[in-house]
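Please read the structure below before turning to the comments.
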Ligand code: GDP
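In the numbering used here, the protein residues as written are 2 to 431.
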């Protein structure tokens, strides 16, 4: 069975933790989009890890971890990450990279930086990992596919073509040093050496796995609201963050995705610029940021403090809808244990009207939050294993959210660790 694990919000919902917990019963874990621009934090028996590129199944020896064609593959980061998990005692993971995946080149990272510099205060808050330039080139058909590394004739021709177009921008728009074809070639050959061992026809492998009825997890990066079509454009990422794209970015039939587990955070956090209706500020935000996640809400890739807010019903309901959610995994609930009362954003006021429908960015910028305040449970819920043992107000909070968003919350995460998980109906496994 194929299950997608994706985010309902702005990212950082705890997808890595849920994937790591569910991977125990999976055969394959596949990354299908995005690159090293965001990270998953995983806490397990080997320690605490920040993964940027590796699928979250790397901690299990039985799992085949796959980098699908839809991923923006940064080879040096990929190789370094493998080395770093092995160094920390994790058995050498099984990893395959699609020969159809494309590579993030060093100039993509430079263009990302140059563009942010050029935009100054009007920048998109990019992580400067080269993701937007990478996907622009992919769709402009001047990207480098892993398979091409093994055909020097193609490389020779292409490095010249790429330098021609890139150098126009470097010279006239950014006023930066120009690219040289021979240096690009050298970079590419270096990548070939680093990646050779891992390259294979992952589409054929996945096809076989599907035929055999193996358990496959598709692991999303970021969340619904960062999707280029359905999110808060232009403050979005450059590849689709939706489960539907999992079929494309991994290379499996869409009808094989039987479960969409949408990870939804019990409060809100976001990085980068863009409308964030339920955002809170000052001491109230600082306290939630300090207590949030596992050791505070700071970006895994950038270390930037995350923007904080209360749970947003409007954004999360929409986020679950566009994912095609079958199950919600409700995470970091334990963090809210310090509060006497918990505000929840239940509607947006736009031009004097209250709506529960998530509007496009131009209207979103004008939206004001409408809050409803729920009683807190005011205690630590970590370590609880059964839903019925959660404090009454905690269950009420979960059930309130569930009713408002309209999707079943079947998994509850009450701590960062692999074992800190409650399946809603006893014994129920999604
Ligand atoms: P991802 O990209 O969606 O995997 O999310 P991140 O790893 O960026 O952020 C989630 C943060 O919350 C990480 O620090 C996790 O260790 C942590 N985390 C995940 N689930 C829980 C939870 O239930 N409780 C607490 N306290 N922390 C959690």
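Every residue, glycine too, gets a C-beta built ideally from N, C-alpha and C.
Proximity below 7 Å, CB of residue i to CB of residue j
i	j	result
residue 128	residue 38	yes
residue 260	residue 242	no
residue 416	residue 287	no
residue 16	residue 264	yes
residue 144	residue 152	no
residue 210	residue 5	no
residue 220	residue 57	yes
residue 262	residue 330	yes
residue 27	residue 216	yes
residue 177	residue 115	yes
residue 33	residue 368	no
residue 350	residue 371	yes
residue 179	residue 171	yes
residue 412	residue 321	no
residue 117	residue 124	yes
residue 281	residue 362	no
residue 276	residue 198	no
residue 218	residue 30	yes
residue 388	residue 422	no
residue 323	residue 173	no
residue 156	residue 187	no
residue 55	residue 82	yes
residue 345	residue 373	yes
residue 212	residue 35	no
residue 382	residue 418	no
residue 60	residue 91	yes
Per DSSP, cross-strand counterpart(s) of residue i
i	result
residue 299	306
residue 344	374
residue 356	349
Residue from the options whose Cα sits closest to the Cα of residue i
i	options	result
residue 380	373, 372, 390, 367	390
residue 270	2, 3, 14	14
residue 53	160, 371, 73, 65	73
residue 290	352, 278, 311	311
residue 249	395, 70, 230, 44	70
residue 326	279, 224, 213	224
residue 166	142, 150, 155	142
residue 78	21, 130, 156	130
residue 309	279, 318, 323, 22	279
residue 189	355, 160, 328	160
residue 258	384, 418, 383, 207	207
residue 378	392, 109, 385	392
residue 8	246, 85, 112, 113	246
residue 340	285, 313, 304, 328	285
Sequence-distant residues of the same chain with beta carbon closer than 8 Å to residue i, five excluded per side
i	result
residue 147	74, 98, 99, 100, 101, 102, 103, 104, 196, 200
residue 95	62, 64, 65, 66
residue 428	Low per-residue confidence applies at residue 428: pLDDT is 49, beneath 50, and the placement is therefore not dependable enough to give any value.
residue 204	70, 99, 101, 252
Neighbourhood of residue i by C-beta, 7 Å cutoff - its chain only, sequence neighbours within 5 removed
i	result
residue 403	409, 410
residue 48	89
residue 300	272, 307
residue 376	342, 394
residue 192	76, 104, 150
residue 420	none
residue 93	87
residue 21	43, 45, 57, 60, 419
residue 398	343, 375
residue 266	10, 14, 15, 332, 333
residue 202	100
Cβ shell of residue i (< 6 Å), same chain only, five flanking positions each side left out
i	result
residue 239	132, 133, 136
residue 426	none
residue 357	315, 348
residue 19	6, 264, 330
residue 293	336
residue 298	270, 290, 307
residue 319	359
beta-carbon residue i near the ligand PLP non-hydrogen atom, thresh 6 Å
i	result
residue 70	As for the ligand PLP, it is missing from this structure, which binds only the ligand GDP.
Cutoff 7 Å: residue i Cβ touching any chain D Cβ
i	result
residue 422	Checking the listed chains, one finds no chain D in this structure; it contains a single protein chain.
(message) Restricting to runs no shorter than 3 residues, where is the beta strand (DSSP E) found entirely within the stretch 369-418?
(response) 369-376, 410-414
Where in the stretch 236-271 do unbroken runs of the alpha helix (DSSP H), each at least 4 residues long, occur, reported from the N-terminal end onward? 244-251
Which parts of the stretch 97-179 are runs of the alpha helix (DSSP H), unbroken and 4 residues or longer, counting only runs that do not cross its ends? 107-120, 132-140, 153-170
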